[in-house]
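Residue numbers (this note's numbering), protein chains in the order written: chain S, 340 to 615; chain G, 1120 to 1396.
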């Protein structure tokens, strides 16, 4: 079933896919055992340049494995993953990742955290200062440039990580449940910030999340994954306007959309519960 | 790049988050600090009175005030400067060797889980062995003098550093390793720019312990293995029934160790504060 929603957003206008996954499969061999685990795939997926795509699925369905493949942290056992027309082999330039866990460097101030990548790349100091100032301002941490992560709340630290990703001007942003550890209100507000980031950078975004409302609110398309081995059982176009924000949660279609996602996911989540 | 306009549109930082920012400046002495000071002062006062009224004979312990004047005389006369320097030199040498070697051994053990599995139980029971019993071996190897003393102090201090290194390397969050890969850091850059600073609070605890053990090792070894140093000077004063000088030297060691430990502790607390998450 496909929910009849509004016209798809204009963001997917360019025809050539920014990211292309063809028959991507990941099989792990268990440590100390000959038994192997089929974790993911086969996955076929095209992400258009500037698209916001979310992946929802039951726990352990291989969502994070999919992200690892896209980030170049893991190689597909079978199939090919391409970014900007080139096969992904190692971490490609132009990719930024925000993880669920706090990945800020506790020994550096907010400013030094955000500037870290640029300084090692030998970017001109004036340019670093300009980009860091912009990124810190963007995530609303201007009053905290000299603070250390331990002095910040969880949400603020996650914003440090977002700013650190933003300064490198990634063309593909991968987010692995970045707001998973935050409370519901903060998550909605962080979602707004994420949409703002997406619009300003025009980057392609892939968001892994377990929150259906988050996926429904933020995305142009939502991919629903099955229980392990994870494959896409449905890909839903939300049809939201690019200028959307968290207020769309009160839109009548929002309920239909999350309802549809849950309908698809319920059986898979039950499978996960039964099989552990 | 043309996309971000670099105009600033800051998102508002909620008030309660702002309140989380801790006070950077020097903290005034806490209530517990004052009580601690009071307890020490009271203990010194009681000892002073007990010695003055004769509850404790001066042949056993001299009053703290006499210890202080003795310490003043030792420093003013300069008779023991050489001993102080000899001891401090040995402590520094032993601590530096223990820290560097301990870190290296710890890093190697950490890199090989099989070796670690075999060695870790030995490390855990290491401090059950009275290291000082090996002193004849060290005399044979290094002769009487600073070589044997430093060797014993290193032996005493190194395992604390090895254990701290293992803990430190274990505690580096996996996500930082992933971040390093995403940032495309090479193995050397990753070690120096991510792993080392991430493990630093734990490593520094090892440094603090290594220094403390180095002091113990050096001073104690000097009683038996040396012709110079503060430990030797205390033993010499004791053998010559010079109680006043003996207690003056003891007070000196206590003060030096306290100052060194306080300095290391200040750094340690700053590093630990980063871990409060």
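We put the beta carbon where it would ideally sit given N, CA and C, even for glycine. Please read these numbers as outputs of a predicted model, since none were measured by experiment.
- Return no unless some Cβ of chain S is closer than 8 angstroms to the Cβ of residue 1383 of chain G. Position 264 of the second chain, counted from the first residue, corresponds to residue 1383 of chain G. Chain S, which has no Cβ nearer than 8 angstroms to the Cβ of residue 1383 of chain G, makes this no.
- Message: List, in chain order, every chain S residue whose beta-carbon is nearer than 8 angstroms to that of residue 1297 of chain G.
- Response: As a first step, residue 1297 of chain G must be located in the second chain, where it is residue number 178. Simply 412, 436, 438 and 442.
- Does the beta-carbon of residue 561 of chain S have 16 or more other beta-carbons within 10 angstroms, so that it is buried, or is it exposed? Reading the first chain from its first residue, position 222 is the one you call residue 561 of chain S. Under this definition residue 561 of chain S is a buried residue.
- Beta carbon proximity, residue 446 of chain S to chain G, threshold 8 angstroms: Reading the first chain from its first residue, position 107 is the one you call residue 446 of chain S. Under the Cβ distance rule, residue 446 of chain S counts among the residues neighbouring chain G, one pair being separated by less than 8 angstroms.
- Alpha carbon of residue 426 of chain S to alpha carbon of residue 510 of chain S, nearest angstrom: The sequence position of residue 426 of chain S within the first chain is 87, counting from 1. The sequence position of residue 510 of chain S within the first chain is 171, counting from 1. Rounded to whole angstroms, residue 426 of chain S and residue 510 of chain S show a C-alpha spacing of 16 angstroms.
- Message: Is residue 456 of chain S close to chain G? Criterion is C-beta to C-beta, closer than 8 angstroms.
- Response: The residue given as residue 456 of chain S occupies position 117 in the first chain. Closer than 8 angstroms to some Cβ of chain G, the Cβ of residue 456 of chain S qualifies, so yes.
- Residues near residue 452 of chain S in its chain [Cβ-Cβ closer than 6 angstroms; skip 5 each side]: Start at 1 with the first residue of the first chain, and residue 452 of chain S comes out as number 113. Excluding positions up to five away in sequence, the list reads 443, 444, 499 and 503.
- Message: What does the Cβ neighbour count give for residue 523 of chain S, buried or exposed, with the cut at 16 atoms within 10 Å?
- Response: The residue given as residue 523 of chain S occupies position 184 in the first chain. So residue 523 of chain S counts as exposed.
- Item | Neighbour list for residue 430 of chain S in chain G, Cβ cutoff strictly below 9 angstroms | Residue 430 of chain S sits at position 91 when you count from the first residue of the first chain. Under the 9 angstroms cutoff, chain G gives 1300, 1301, 1302 and 1303.
- Query: Does DSSP classify residue 611 of chain S as helix, strand or coil?
  - Reply: By one-based count along the first chain, residue 611 of chain S stands at place 272. Three-state DSSP puts residue 611 of chain S in a helix.
- Message: Under 8 angstroms, Cβ to Cβ, is there at least one residue of chain C near residue 1292 of chain G?
- Response: No chain C appears in this structure, whose protein chains are S and G.
- Query: For residue 429 of chain S, does the count of other Cβ atoms within 10 angstroms reach 16, so buried, or fall short, so exposed?
  - Reply: Position 90 of the first chain, counted from the first residue, corresponds to residue 429 of chain S. Looking at its Cβ environment, which holds fewer than 16 other Cβ atoms inside 10 Å, residue 429 of chain S is exposed.
- Message: Can you look up residue 1142 of chain G in the DSSP assignment and give me helix, strand or coil?
- Response: The residue labelled residue 1142 of chain G in the question sits at position 23 within the second chain. Because residue 1142 of chain G carries a pLDDT of 44, less than 50, the predicted location of this residue cannot be relied on, and the following value inherits that uncertainty. Residue state for residue 1142 of chain G is assigned as coil, using DSSP reduced to three classes.
- Mind checking if residue 489 of chain S is an interface residue toward chain G, Cβ cutoff 8 angstroms exclusive? The count along the first chain starts at 1 and reaches residue 489 of chain S at position 150. It does; some Cβ of chain G falls within 8 angstroms.
- Item | chain S contacts made by the region 1305–1337 of chain G, where a contact means CB separation under 8 angstroms | Within the region 1305–1337 of chain G, the qualifying residues are 1308, 1312, 1313, 1316, 1317 and 1319.
- Query: Span of the alpha helix (DSSP H) holding residue 380 of chain S?
  - Reply: As a working note, residue 380 of chain S is residue 41 in the first chain. No alpha helix (DSSP H) holds residue 380 of chain S; the beta strand (DSSP E) holding it covers 375–387.
- Item | Length-filtered (3 minimum) beta strand (DSSP E) runs lying within the region 412–466 of chain S | List check, beta strand (DSSP E) in window: 417–422 and 434–437.
- Could you confirm whether any beta carbon from chain S is found closer than 8 angstroms to the beta carbon of residue 1393 of chain G? Looking up residue 1393 of chain G in the second chain gives position 274. At least one beta carbon of chain S lies nearer than 8 angstroms to the beta carbon of residue 1393 of chain G.
- Query: Buried or exposed: which applies to residue 1267 of chain G, given that a residue is buried once 16 or more other Cβ atoms fall within 10 Å of its Cβ?
  - Reply: Walking along the second chain from the start, residue 1267 of chain G turns up at place 148. Under this definition residue 1267 of chain G is a buried residue.
- Inter-residue spacing [alpha-carbon to alpha-carbon] between residue 1197 of chain G and residue 1189 of chain G: As a position in the second chain, residue 1197 of chain G is number 78, starting the count at 1. As a position in the second chain, residue 1189 of chain G is number 70, starting the count at 1. For residue 1197 of chain G and residue 1189 of chain G, the distance between alpha carbons rounds to 12 angstroms.
- Query: Given that a residue counts as buried once 16 or more other Cβ atoms are within 10 Å of its Cβ, and exposed if not, what is residue 1159 of chain G?
  - Reply: Numbered from 1 along the second chain, position 40 holds the residue referred to as residue 1159 of chain G. Residue 1159 of chain G is exposed by the Cβ-count criterion.
- Task: Quick one: grab the DSSP three-state call for residue 1181 of chain G.
- Result: Working through the second chain from its first residue, we reach residue 1181 of chain G at position 62. Judged by DSSP in its simplified three-state form, residue 1181 of chain G adopts coil rather than helix or strand.
- Query: In whole angstroms, what is the alpha-carbon distance linking residue 432 of chain S and residue 485 of chain S?
  - Reply: The residue you call residue 432 of chain S lines up with position 93 of the first chain. The residue you call residue 485 of chain S lines up with position 146 of the first chain. The C-alpha of residue 432 of chain S lies about 29 angstroms from the C-alpha of residue 485 of chain S.
- Message: Is the beta carbon of residue 603 of chain S closer than 8 angstroms to that of residue 572 of chain S?
- Response: Locating residue 572 of chain S in the first chain gives position 233, counting from the first residue. Locating residue 603 of chain S in the first chain gives position 264, counting from the first residue. In contact: residue 572 of chain S and residue 603 of chain S (Cβ atoms closer than 8 angstroms).
- Task: Determine the DSSP secondary structure at residue 1239 of chain G, reduced to helix, strand or coil.
- Result: Within the second chain, residue 1239 of chain G is the residue found at index 120, counting from 1. Helix, per DSSP.
- Query: If you run the structure through DSSP and keep just helix, strand and coil, what is residue 1384 of chain G?
  - Reply: In the second chain, counting from the first residue as 1, residue 1384 of chain G sits at position 265. Here DSSP, grouped into helix, strand and coil, assigns residue 1384 of chain G to helix.
- Task: Would you mind sorting residue 473 of chain S into buried or exposed? The rule is 16 or more other CB atoms within 10 Å of its CB.
- Result: Position 134 of the first chain, counted from the start, is the residue given in the question as residue 473 of chain S. With 16 or more other Cβ atoms within 10 Å, it is buried.
- Give the straight-line distance between the Cα atoms of residue 1326 of chain G and residue 1380 of chain G, rounded to the nearest whole angstrom. Locating residue 1326 of chain G in the second chain gives position 207, where the first residue counts as 1. Locating residue 1380 of chain G in the second chain gives position 261, where the first residue counts as 1. Spanning the alpha carbons of residue 1326 of chain G and residue 1380 of chain G requires a straight line of approximately 11 angstroms.
- Task: Taking residue 608 of chain S as the reference, give the member of S/400, S/411 and S/529 with the closest Cα.
- Result: As a first step, residue 608 of chain S is located in the first chain; it is residue number 269 there, counting from the start. Of the candidates S/400, S/411 and S/529, the one whose C-alpha sits nearest the C-alpha of residue 608 of chain S is S/400.
- Looking at the unbroken alpha helix (DSSP H) that takes in residue 1168 of chain G, where does it start and where does it end? Here residue 1168 of chain G refers to the residue found at position 49 of the second chain. Run containing residue 1168 of chain G: 1150–1171, per the alpha helix (DSSP H) assignment.
- Message: Within the continuous alpha helix (DSSP H) that includes residue 556 of chain S, where are the two ends?
- Response: For this step, residue 556 of chain S is matched to residue 217 along the first chain. Here the alpha helix (DSSP H) through residue 556 of chain S covers 551–557.
- Do residue 467 of chain S and residue 516 of chain S have their C-beta atoms within less than 8 angstroms of each other? Within the first chain, residue 467 of chain S is the residue found at index 128, counting from 1. Within the first chain, residue 516 of chain S is the residue found at index 177, counting from 1. No. Outside cutoff.
- Buried or exposed: residue 1321 of chain G, going by 16 or more other Cβ atoms within 10 Å of its Cβ? Counted from its first residue, the second chain places residue 1321 of chain G at position 202. So residue 1321 of chain G ends up on the buried side.
- Task: Identify, in the order they occur along the chain, each residue of the same chain with its Cβ nearer than 6 angstroms to the Cβ of residue 1300 of chain G, setting aside the five sequence neighbours on each side.
- Result: For the purposes of this step, residue 1300 of chain G is taken as residue 181 along the second chain, with counting starting at 1. Residues of the same chain with a CB within less than 6 angstroms of the CB of residue 1300 of chain G, apart from the 5 flanking positions on each side, do not exist.
- Message: I'd like the list of long-range same chain contacts for residue 527 of chain S, defined as Cβ closer than 7 angstroms, with 5 residues on each side in sequence excluded.
- Response: Here the question's residue 527 of chain S lines up with position 188 in the first chain. Taken in chain order, the residues that qualify are 585.
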